[in-house]
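Heads up, the thing below is written out as structure tokens.
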Amino acid sequence: MTLRTLESLGSLEGKRVIVRCDLNVPLKDGVITDDGRVRASLPTLKTLIEAGARVVVCSHLGRPDGAPDPKYSLAPVAKRLSELLEQPVAFASDTVGESARETVSALENGEVAVIENLRFNAGETAKDDATRQAFAGELAQLGDVLVSDGFGVVHRKQASVYDLAEILPSAAGLLIATELDVLDRLTENPERPYTVVLGGSKVSDKLGVISHLLPRVDRLLVGGGMLFTFLAAQGHAVASSLLEKDQLDTVRGYLAEAADRGVEIVLPTDVVVAASFAADADHETVAADAIEESSFGASGIGLDIGPDTAAAFADAIRSSKTVFWNGPMGVFEFPAFAAGTKAVAQALTEVDGLGVVGGGDSAAAVRQLGFDDDRFGHISTGGGASLEFLEGKKLPGLEVLGWA
Ligand code: ADP
Ligand code: MG
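The opening position of the sequence shown corresponds to residue 7 in our numbering, with each subsequent residue numbered one higher.
What follows is the structure in structure tokens.
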């Protein structure tokens with residue numbers, strides 16, 4: 007079965023349409039540092055506005071503790087949305103309370119409102135079905151139909167993603183449709199060579215995808231925080247770099263399996279090691295098998311791939327027809343350790359084929375480093391969701407929309 011589309015909802019004129027977006031943007035001192043997810047939500051919202059719907063946008067932001075927390079207010083996001091849509095956007099200061107009810111009932115056809123952070127209510131992420139369903143029931147009062155478009159959360163069984171879609175007539179929005187199109191191209195007969203580049207900090211999260219990808223890809227490039235677990239698995243000392251000791255056996259298993267299958271796992275040959283985890287830390291480039299021999303000894307921390315590695319990764323990427331990249335190659339937030347990420351991003355823009363960036367921080371990294379979105383085949387709004395899709399997992403937020 008395929009996803010239910012917007013058309014399946016019939017005429018939306020005058021209807022209250024709840025749109026579950028993923029507007030979980032990075033904020034620094036209340037200012038949005040990357041509005042990519044707001045922009046990615048625009049096609050669906052504009053379509054609904056043109057159809058004369060009364061649009062009620064909802065989303066989570068960050069990880070508040072199930073209670074209101076001004077630090078995680080969606081107010082700055084509503085403001086940005088209004089600028090991008092070039093029309094007023096009303097804002098409700100609660101999610102399912104008086105403000106939300108009043109704001110929604112004041113909407114005219116073609117108007118838009120944003121309600122406050124869904125995760126200000128414990129019911130949104132509750133493990134207990136009944137608690138979640140009760141919250142979804144309250145949300146359902148605000149709309150006649152649901153358009154689910156928060157691709158970044160479709161792997162989560164949460165009230166607005168899953169339970170609400172069971173209560174109201176529901177369909178997938180245009181962002182989810184686009185994301186799935188691209189992911190299908192990565193899983194069904196990808197053009198070869200097919201290279202996957204993994205980095206970032208959530209090592210154990212990302213190791214899971216490797217076993218599923220090994221039978222499917224030609225090359226796997228490993229950078230970011232997880233590279234140290236790979237180097238350690240090969241017997242190298244990694245000083246004070248990020249290391250998941252409990253994953254060493256798993257990683258050794260992947261290395262053996264890759265050798266069996268003829269898949270190339272490309273590991274760094276050089277690494278940028280810093281004296282401490284700081285933007286202005288002293289640093290030097292050393293061979294990947296000599297990390298503890300840097301001047302910082304056992305306290306050195308690997309914060310980026312080295313220049314030789316960056317060049318080798320760039321070559322491997324440029325000579326591929328299909329590339330999926332998730333996770334920065336280093337701590338790109340510090341300019342001194344952004345070179346590896348920049349080299350990979352640059353190479354991805356030069357792929358003669360499909361080059362996909364997945365992951366919140368990876369997307370933020372390429373924009374922060376000055377690359378325009380349209381230079382990439384696709385920038386996915388969902389890291390975890392893309393990875394789980396590529397792992398072949400069933401995603402509850404898609405299944406509930408008819409996807410199988
Ligand atoms: P994404 O959101 O794209 O899936 P992650 O959340 O997994 O990516 O990882 C992003 C983070 O990984 C960045 O904040 C970056 O600073 C961090 N990172 C990359 N390389 C290293 C490293 N060598 N040591 C520590 N953190 C790293
Ligand atoms: Mg991240």
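C-beta: ideal position from N, C-alpha, C; glycine also.
ask   = Within 6 angstroms: the Cβ of residue 367 and any heavy atom of the ligand MG?
value = yes
task = Could you give the DSSP three-state label for residue 387: helix, strand or coil?
result = coil
task = Report all residues from its chain with a CB closer than 6 angstroms to the CB of residue 245; omit the five preceding and five following residues, and keep chain order.
result = 297, 298, 304 and 306
ask   = Tell me which same chain residues have a C-beta within less than 6 angstroms of the C-beta of residue 413, skipping the five on either side of it?
value = Shown here, the chain extends from 7 to 410; a query on residue 413 therefore has no answer.
request  = Helix, strand or coil for residue 4, going by three-state DSSP, please let me know.
outcome  = The shown model of the chain, from 7 to 410, leaves out residue 4, and the question about it has no answer.
task = Note down, in chain order, each residue of its chain lying with its Cβ closer than 6 angstroms to the Cβ of residue 49, except the 5 sequence neighbours on either side.
result = 180
ask   = Among residues of its own chain, excluding the 5 on either side of residue 274, which ones have a beta-carbon nearer than 6 angstroms to its beta-carbon?
value = 233, 294, 311 and 315
ask   = My guess is that residue 151 and residue 21 are in contact by the Cβ rule of under 8 angstroms, so how many angstroms apart are they, rounded?
value = 6 angstroms
message = Could you check whether the segment 188–198 touches the segment 163–172, counting it as contact only if at least three pairs of C-beta atoms, one from each stretch, sit closer than 8 angstroms?
response = no
key: Per DSSP, the bridge partner or partners of residue 353   = Looking at the DSSP assignment, residue 353 forms no beta bridge with any residue, so it has no partner.
ask   = Of the residues 14, 374, 36 and 322, which one's Cα is nearest the Cα of residue 203?
value = 322
inquiry  = Check for me: the beta strand (DSSP E) holding residue 26 runs from which residue to which?
reply    = 22–26
task = Would you tell me roughly how many angstroms separate the C-alpha atoms of residue 381 and residue 103, rounded to the nearest one?
result = 43 angstroms
query = How about residue 251: is its Cβ closer than 6 angstroms to a heavy atom in the ligand ADP?
reply = no
ask   = With contact counted as at least three CB pairs below 8 angstroms, one residue from each stretch, are the segment 371–380 and the segment 125–134 in contact?
value = no
task = Kindly list the residues whose CB is nearer than 7 angstroms to the CB of residue 263, restricted to its own chain and excluding five residues on each side of it in sequence; keep chain order.
result = 220
Alpha-carbon spacing of residue 213 relative to residue 257, whole angstroms = 8 angstroms
ask   = Should residue 67 and residue 61 be called a contact, given that it needs their Cβ atoms to be closer than 7 angstroms?
value = no
ask   = Counting Cβ pairs, one atom from each stretch, are 3 or more of them under 8 angstroms apart for the segment 385–393 and the segment 355–364?
value = yes
query = Say the cut is 6 angstroms; is the CB of residue 472 nearer than that to a heavy atom of the ligand ADP?
reply = A query on residue 472 cannot be resolved here, the shown segment of the chain reaching from 7 to 410 and no further.
message = Suppose the cutoff is 8 angstroms on Cβ atoms and the five residues either side in sequence are ignored; what does the same chain contact list for residue 114 look like?
response = 60
ask   = Whose C-beta lies closer than 6 angstroms to the C-beta of residue 69 among residues of the same chain, with five residues either side of it excluded?
value = none
task = With a floor of 3 residues, list each beta strand (DSSP E) that falls wholly inside the segment 206–287, ordered by position along the chain.
result = 225–228, 270–272 and 276–280
request  = Ignoring anything shorter than 4 residues or poking outside the segment 51–93, list the alpha helix (DSSP H) runs there in chain order.
outcome  = 81–91
message = Less than 7 angstroms between C-beta atoms, sequence neighbours within five positions excluded: which residues of the same chain meet that for residue 122?
response = 79, 80, 98, 99, 100 and 101
Pair within 7 angstroms by beta-carbon distance, residue 371 and residue 158 = no
task = Could you tell me whether any non-hydrogen atom of the ligand ADP is closer than 6 angstroms to the CB of residue 334?
result = yes
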